[in-house]
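Asks: 91 is the number of the first residue of the sequence shown in the working numbering; add one for each residue after it.
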Amino acid sequence: MDKNKANMTKNRKGAGRPRIIVDIEILKNLASIGCPDYEIASVLNVSARTLKRNYAEIINQYKEKGKASLRKKMWDKAVKKDNTNMQIFLSKNYLGMSDKIYNTNITEPLPLIIEAQAEEVKDLDGKEKG
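As structure tokens, this is what we get:
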């Protein structure tokens with residue numbers, strides 16, 4: 091059966107549910123803007139299972155085309171239009187850059203520096219030593 095045909099009718103003698111006509115152009119448009127299967131099914135008035143069973147290849151193809159289109163627009167905006175915010179977004183997502191500050195634990199103790207002056211110390215009798 092050709093999956094690109096909009097009318098999925100077969101010659102039946104009244105058995106089973108009547109076939110629903112699926113508008114392939116609407117299916118392609120919804121898939122290309124990234125709609126999940128359940129939303130596409132709702133708009134087309136069919137079950138998500140029916141879509142997956144009969145139109146999975148078309149849906150996947152147009153979802154990937156939509157992603158590529160979005161990526162191209164983002165790239166053009168970042169590079170050709172010199173959009174700093176888009177450049178930052180893409181560098182974080184594609185290049186793994188980050189503006190997070192990482193704290194490190196120091197396992198080595200700090201050096202002890204004593205700068206005390208000798209004080210006069212009195213013994214228990216109150217007399218000065220030293």
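Where a beta carbon is used, it is the ideal one built from N, C-alpha and C, also for glycine.
For the candidate residues Ser-132, Ile-191, Ala-168, Asn-150, whose alpha-carbon lies nearest to that of Tyr-221?
Replies: Within the shown structure, residues of the chain are numbered from 91 to 220, placing residue 221 beyond reach of any answer.
Asks: What do you reckon, are the CB atoms on Ile-148 and Val-133 nearer than 8 Å?
Replies: Counting from 1 along the sequence shown, the entry for residue 148 is found at position 58. Counting from 1 along the sequence shown, the entry for residue 133 is found at position 43. Their beta carbons are not under 8 Å apart, which means Ile-148 does not touch Val-133 by this criterion.
Asks: Taking the alpha helix (DSSP H) that Val-112 belongs to, which residues open and close that run?
Replies: Start at 1 with the first residue of the sequence shown, and residue 112 comes out as number 22. Unbroken run through Val-112: none, as it is neither H nor E.
Asks: Would you call Leu-120 buried or exposed, if buried means 16 or more other Cβ atoms sit within 10 Å of its Cβ?
Replies: Numbered from its first residue, the sequence shown carries residue 120 at position 30. Its Cβ being crowded by 16 or more others within 10 Å, Leu-120 is buried.
Asks: Between Gln-177, Ala-146, Asn-150, which lies nearest to Arg-161 when the distance is taken from Cα to Cα?
Replies: Along the sequence shown, one-based indexing puts residue 161 at 71. Selected option, being the one with the closest Cα: Gln-177.
Asks: Would you identify the three-state DSSP class for Ser-132, choosing helix, strand or coil?
Replies: To locate residue 132, count along the sequence shown from 1; it is residue 42. Correct three-state label for Ser-132: helix.
Asks: How many Å lie between Leu-141 and Pro-126 at the Cα?
Replies: Locating residue 141 in the sequence shown gives position 51, counting from the first residue. Locating residue 126 in the sequence shown gives position 36, counting from the first residue. Those two C-alpha atoms are separated by around 11 Å.
Asks: Within the continuous alpha helix (DSSP H) that includes Ala-158, where are the two ends?
Replies: By one-based count along the sequence shown, residue 158 stands at place 68. It spans 138 to 169 - the alpha helix (DSSP H) in which Ala-158 sits, taken as one unbroken run.
Asks: For Ile-174, which of helix, strand or coil comes out of DSSP?
Replies: By one-based count along the sequence shown, residue 174 stands at place 84. At residue 174 the sequence reads Thr, which differs from the Ile that was named. If DSSP states are grouped into helix, strand and coil, Thr-174 belongs with the helices.
Asks: Report the CB separation of Gly-156 from Ile-123 in whole angstroms; it is logged as a contact under 8 Å.
Replies: The residue you call residue 156 lines up with position 66 of the sequence shown. The residue you call residue 123 lines up with position 33 of the sequence shown. Correct: roughly 6 Å between the Cβ atoms.
Asks: Check whether the Cβ atoms of Tyr-152 and Lys-118 sit closer than 8 Å, and answer yes or no.
Replies: Looking up residue 152 in the sequence shown gives position 62. Looking up residue 118 in the sequence shown gives position 28. Their beta carbons are under 8 Å apart, which means Tyr-152 touches Lys-118 by this criterion.
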